[in-house]
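To keep things clear, I will list the structure first and then write my remarks on it.
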Amino acid sequence: MKTMQAVILAAGEGRRLRPLTHAMPKAMVPVANRPILEYIVRALEKNGIREIIVVVGYKKEQVIRHLNGLEIPVKVVVQERQLGTAHALKCAAPLITGDFLLLPGDNYIDTASIARIMGERNAVLTWDHPHPSNFGVLMIRDGSVQQVIEKPSEAPGFTVSTGIFSLGPAFLDFLGDETEIPNAINAMIAAGTPLKAVPAEDWQDAIYPWDLLRLNAALLQGVRQERAGRIGSSVVIKGQVSIGRGTTIGPNSTILGPVVIGEDCEIGPNCVVLPETSIGDRVRIEPFTLIGHSLILADACIGSHARITDAVVGTGTQVGDHATTSPQRTIFSIEGELIRAKFGAIIGDNVRSAPFCVFKNCIVGNNVCVEDGKTLYGEVPDGARII
Amino acid sequence: MCGIVGYIGWKEAAPLVIEGLKRLEYRGYDSFGVATENGDINIIKKSGKISESGADLSALVGTIGIGHTRWATHGVPNDCNAHPHTDCTGAIAVVHNGIIENYAVLKRKLIEKGHRFKSETDTEVIAHLVEEYFSGDLLAAVTAAVRHLEGSYAILVIAKDDQRIVAARKSSPLVLGIGDGEVLCASDVTPLLEHTQRAVYLEDGDVAALTASRIDVYHDGVRVERSITHIDWSVDDAKKGGFEHYMLKEIYEQPEVFYNTIKALEKDTRLPMLRIPAEITVVACGTSYHAALVFRYLAQEYSSKRVSVEFASEFKYYTPPLRDMVIAVTQSGETADTLTAIEKAKARNCSTLAVTNVLGSTVSRSADWTVFMCAGPEISVAATKSFTGQLAVFMGMVNVMADGKFTEVLAHAHRSIERVLPQEMGAAVSLLLSATEMFYVGRGVFYPVALEGALKMKEISYIHAEGYAAGELKHGPFALLSPETPVVAICTPGRTYGVMLSNVKEMKARGAPVIGIGVEGDTEVESIVDVFIPIPEDHQMVQAITVSVILQLLAYQTANALERDIDKPRNLAKSVTVE
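Same order as they appear, the protein sequences are chains A and B. Start counting the first sequence at 294; every next residue gets the next number (the numbering used here). Start counting the second sequence at 143; every next residue gets the next number (the numbering used here).
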């Protein structure tokens, strides 16, 4: 049997995830310290798929650099301009020789789901979602998809497309001038090729930045116990905790898993890390700080006596001492849509905040500077200075 | 990182293995070796590059062969430590890529059992372990031996009078290629591509027995099927992993190189010795010379040491009076002129320090002590990440001389480097496309940065670019300024900011288009130049790196737009090993 190919679409920016997609595409946003794309590549590899094609575009060098480090051979195709998912697939079309899997690079999928769909030709992995209006809703009869209705205002059902398809080379003929995949899928169904609906085992999507916290919590369930680095005296570590090489955990700190801490970090002394927290490489957390249910990206620094919960802290950001993030429910307007969300703070890359700041359910852009004692809420644009 | 290759079939194995190893040279090239089976095990191993050795292969007869190319990360690359390694009797030969973590324990046990070790490597343990279990069946012996190994490995084993190669892997890559009456194996697919497009990837924990006509794969002692994959990549894609050129790949590796080098320096306990000499002479060529000039400015400013920098090629014939310490800088460690300089310094009783990228290179053997930049193999002829590696070494040294004043600054520098990588450069590039001459100007530490920027532009885009200390431009070169000669001006805040601004205005007055590099949000520079390229605000030391990276990207993108052969510019070679 000829082995299957897989095409991963990782060219899009993921605008709704801003400010976190300022320096990398959505597929590269790290969750539990690994880019979402890497979970997909590894799941494919575990299913014995050896020919993986990744379509890159927005900040492509970041993707290529990471893929190079994986030791899994991956072919890269460049989509020069981001003209939609169907166009992205068309860029990869010359390399497609037979049946292939099509996957978006920015949603988590587990190994078992891929195994379910691999044997099928013309099938889609489906998922029951409580808020189907953000997705392609599937009209299913007798196990076959009748139609994909993209982002309906009034959803006729809860079963949505994960965007993961198993397709034959004939599908490429339906791409035509379409810009998005679902249109081409509808055209294929209309032409009489049935599309089987296969429920996925575990699928996780992040549309808005605060969704990353949920995704992070879900993926941390799979964290493996690992203890590299130096762990000080009287440190309490409970549950699944992974600590990277070169990291120092200062005395009297408490870490309650699931937690993953990257390499060369400096934590504590006297810090508390609560469950569902990911801490990237080279992060510094100064003494007497509490962090929980948060995503701290690489090179960030959190000052002492801070309380950071339900927050995403961007790469290279420095949060001054005595900072607090306070989770509250507010309505946000993102890309023209009004969304209700509850989280502490989403802080972009290279933000500097002086001591005693309160982040009250806010989204802070990249390179923002905040003077001491400010209370931030709502949205702060990139490069702003709060004085 | 190392590379391994094996061949079993109907052709002479040795030349094919050597050919394959050359393809893997990007994985390391400080020593190599080949073993063949022909009723006896024949071995040749040598330190140095395969492509330059012109090794005599006539002793290597046989149609079964294995080979290895090494990038020593610990342990000196000499003939003895080179692979393949053999057991006590020389009847079993092993090549290995990876690290055996429990080798010390195994070695002790094997020595107790009477095995005699010849090298310092972890690999030799495997050979003796296989010998220990060998009772006529090589496959059974390897299967038993690998159970004791902890760590990562991809190994190929051959034995006297056994018409097979036995392969095993765990956490290190190994691919088999199925040809016509021949089977190849290698660390990645590149060596296979010329022979076959049918590849079999082994899984972790697999042991495989290869003959000329078949592959038998075993996992936990059970025979398993591994599917055949069709490969259709070109040789170059496989190595560059999606980047258009090695140079761009290496530019993007720089944040990591800088961070790793600084981290490695922190562990070097000999560095405080740098506080002792009152005078330091640095000898270097090309890009290394520019890195040394940066060091001169920084060391004089922050430690008040007297530093002089000499071209190695001049130093040999016009040796200045030497005192205290001489530092030799060379990426490859093989630059002929720099090597001679070290000998001269030693003859005058100076202490010598080598800064290089290649462990076990000639320079590291002849200098009193060596500091390594952790840049990894650099393939593009135009040096990028090795320059950053050298800057990291020098800045680490300055930090020690200044009693650790810059530890924090250097620990976060990789962030700023990361931030300039995606910098949009289209406007600046289009300004240079029609130029045949151009200038780079800067002051202080940015003067050598300007020299390096000009060198990169010359090397790969073939535009005649000259770097000047901004104040020197008026003493002659000003006559050349015209609307056809673009100028790249480095205008960062500091003592020279004001005078740089007036220099830029003078150049503008002569009609030269100016590309200005300044810190983010500097509207004053932005308003007087034609194209403004921002860099993040940071310490002057870090800015010297970020500006160099910007200038590398500018040269790269210009050369790319002019469709030059970026990785192999005309007339140039990576390391100059002749005078």
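Virtual Cβ for every residue (Gly too), placed ideally from N, Cα, C.
1. Comparing the C-beta of R414/A with each C-beta of chain B, is any distance below 7 Å?
2. Assuming contact is defined by CB atoms lying nearer than 7 Å, are E679/B and V661/B in contact in what I supplied?
3. Count the C-beta pairs between the stretch 396 to 415 of chain B and the stretch 512 to 524 of chain B that are closer than 8 Å, then say yes if the count reaches three, no if not.
4. So the candidates are I560/A, T617/A, L508/A; which of them puts its Cα closest to the Cα of Y670/A?
5. Helix, strand or coil for C633/B? Go by DSSP, reduced to three states.
6. With distances taken Cα to Cα, identify the nearest neighbour of T570/A among E559/A, T540/A, I357/A, V534/A.
7. Let me know if D346/B comes out buried or exposed under the rule of 16 or more other beta-carbons within 10 Å of its beta-carbon.
8. Do you know whose CA, among E413/A, A593/A, W420/A, G561/A, lies nearest V528/A's CA?
9. Relative to the C-alpha of L460/A, which candidate in Q440/A, R414/A, I554/A, Q497/A has its C-alpha closest?
10. Answer yes if the stretch 684 to 702 of chain B comes into contact with the stretch 578 to 591 of chain B, meaning at least three C-beta pairs across the two stretches below 8 Å, and no otherwise.
11. Kindly say whether Y394/B, judged by its beta-carbon, lies nearer than 7 Å to any beta-carbon of chain A.
12. How about V348/A: is its C-beta nearer than 7 Å to some C-beta of chain B?
13. So C144/B is in the beta strand (DSSP E); what residue range does that whole segment cover?
14. Per the contact definition of three or more C-beta pairs closer than 8 Å, is the stretch 448 to 462 of chain B in contact with the stretch 558 to 566 of chain B?
15. Report yes if the CB atom of A233/B is closer than 7 Å to the CB atom of A301/B, and no otherwise.
16. Give the straight-line distance between the Cα atoms of E628/A and C655/A, rounded to the nearest whole angstrom.
17. I want to verify the contact list: residues of chain A whose CB lies under 8 Å from the CB of L563/B, in sequence order.
18. Please list, in chain order, all residues of the same chain as M294/A whose beta carbon is under 8 Å from its beta carbon, the five residues on each side excluded.
19. Tell me the rounded alpha-carbon separation between T378/A and L302/A.
20. Which same chain residues end up closer than 6 Å to E559/A when comparing Cβ atoms and leaving out the 5 residues on each side of it in sequence?
21. Let me see if you follow: with CB-CB separation under 7 Å, is R557/B close to chain A or not?
22. Please compile the residues from chain A whose C-beta is within a distance smaller than 8 Å of the C-beta of Y343/B.
23. Suppose contacts are defined by Cβ-Cβ distances below 7 Å. Is V359/B in contact with D348/B by that definition?
24. Can you list, in chain order, the residues of the stretch 586 to 612 of chain A whose Cβ is nearer than 7 Å to any Cβ on chain B?
25. Are P318/A and G641/A closer than 7 Å when you measure CB to CB?
26. Please list the partners that T540/A has in chain B, where partner means a Cβ-to-Cβ separation under 7 Å.
27. What number of angstroms, rounded off, separates the C-alpha of C492/B from the C-alpha of I521/B?
28. Relative to the C-alpha of R365/B, which candidate in P397/B, A420/B, A282/B, F385/B has its C-alpha closest?
29. Just the C-alpha distance for I241/B and G362/A, rounded to the nearest angstrom, thanks.
30. Taking the alpha helix (DSSP H) that G475/B falls in, what are its first and last residues?
31. In the stretch 660 to 681 of chain B, which residues sit with their C-beta less than 7 Å from some C-beta in chain A, listed in chain order?
32. In the stretch 357 to 372 of chain A, which residues sit with their C-beta less than 8 Å from some C-beta in chain B, listed in chain order?
33. Once you ignore the five residues that flank D726/B on each side, which residues in its own chain have a CB closer than 7 Å to its CB?
34. Measuring CA to CA, which of C650/A, Q621/A, G666/A, R645/A is closest to A677/A?
35. On the DSSP bridge list, what partners appear for T178/B?
36. CA-CA distance, A496/B and Y401/B?
So, from the listed chains and residues:
1. As a working note, residue 414/A is residue 121 in the first sequence. Not one chain B Cβ lies under 7 Å of R414/A.
2. Position 537 of the second sequence, counting from 1, holds the residue named residue 679/B. Position 519 of the second sequence, counting from 1, holds the residue named residue 661/B. Yes, these two residues count as a Cβ contact at 7 Å.
3. yes
4. Against the first sequence, residue 670/A aligns to sequence position 377. Considering only alpha carbons, the answer is T617/A.
5. Here residue 633/B refers to the residue found at position 491 when the second sequence is read from its first residue. Coil at C633/B, not helix or strand.
6. Along the first sequence, one-based indexing puts residue 570/A at 277. Of the listed residues, the one whose Cα sits closest to T570/A is V534/A.
7. Taking the first residue of the second sequence as position 1, residue 346/B is located at position 204. Exposed is the call here.
8. Taking the first sequence and counting its residues from 1, the one referred to as residue 528/A is at position 235. Comparing Cα positions, the closest option is G561/A.
9. On the first sequence, position 167 is the one that residue 460/A refers to. Nearest C-alpha to L460/A: R414/A.
10. yes
11. Reading the second sequence from its first residue, position 252 is the one you call residue 394/B. Closer than 7 Å: yes.
12. In the first sequence, the residue the question calls residue 348/A occupies position 55. Cβ-Cβ to chain B under 7 Å: no for V348/A.
13. Taking the second sequence and counting its residues from 1, one reaches residue 144/B at position 2. Careful: C144/B lies outside any beta strand (DSSP E) and carries neither H nor E.
14. no
15. For the purposes of this step, residue 233/B is taken as the residue at position 91 of the second sequence. For the purposes of this step, residue 301/B is taken as the residue at position 159 of the second sequence. Yes.
16. Walking along the first sequence from the start, residue 628/A turns up at place 335. Walking along the first sequence from the start, residue 655/A turns up at place 362. Computed Cα separation, rounded: 16 Å.
17. As a position in the second sequence, residue 563/B is number 421, starting the count at 1. Ordered by position in chain A, the residues that pass the 8 Å Cβ test against L563/B are E354.
18. By one-based count along the first sequence, residue 294/A stands at place 1. Any answer about M294/A is weak, because its pLDDT of 45 lies below 50 and its placement is not dependable; what the coordinates show is given next. Excluding positions up to five away in sequence, the list is empty.
19. Stepping through the first sequence from its first residue, residue 378/A is reached at position 85. Stepping through the first sequence from its first residue, residue 302/A is reached at position 9. Straight-line Cα distance between these residues: approximately 7 Å.
20. Here residue 559/A refers to the residue found at position 266 when the first sequence is read from its first residue. So the qualifying residues of the chain are T541, R577.
21. Working through the second sequence from its first residue, we reach residue 557/B at position 415. Interface residue, yes.
22. In the second sequence, the residue the question calls residue 343/B occupies position 201. Result: R343.
23. Taking the first residue of the second sequence as position 1, residue 359/B is located at position 217. Taking the first residue of the second sequence as position 1, residue 348/B is located at position 206. Cβ atoms of V359/B and D348/B: closer than 7 Å.
24. D592, G609
25. Mapped onto the first sequence, residue 318/A falls at position 25. Mapped onto the first sequence, residue 641/A falls at position 348. It is not a contact, given that the beta carbons lie outside the stated cut-off.
26. Position 247 of the first sequence, counted from the first residue, corresponds to residue 540/A. Simply none; closest approach about 13 Å.
27. The residue given as residue 492/B occupies position 350 in the second sequence. The residue given as residue 521/B occupies position 379 in the second sequence. Going by the C-alpha atoms only, they are around 33 Å apart.
28. Against the second sequence, residue 365/B aligns to sequence position 223. Residue A282/B is the option with its Cα nearest to R365/B.
29. Taking the second sequence and counting its residues from 1, one reaches residue 241/B at position 99. Taking the first sequence and counting its residues from 1, one reaches residue 362/A at position 69. The alpha-carbon atoms of I241/B and G362/A are separated by roughly 18 Å.
30. Taking the second sequence and counting its residues from 1, the one referred to as residue 475/B is at position 333. Where G475/B is concerned, there is no enclosing alpha helix (DSSP H), given that its DSSP letter is neither H nor E.
31. none
32. I357, R358, L360, N361, E364, P366, V367, K368, V369
33. Lying before the first or after the last residue shown, residue 726/B is absent from chain B, which here runs from 143 to 721.
34. Along the first sequence, read from residue 1 onward, the residue named residue 677/A stands at position 384. The option with the nearest alpha carbon to A677/A is R645/A.
35. Walking along the second sequence from the start, residue 178/B turns up at place 36. According to DSSP, T178/B bridges with N184/B, G207/B.
36. Counted from its first residue, the second sequence places residue 496/B at position 354. Counted from its first residue, the second sequence places residue 401/B at position 259. A496/B and Y401/B: Cα-Cα distance of roughly 20 Å.
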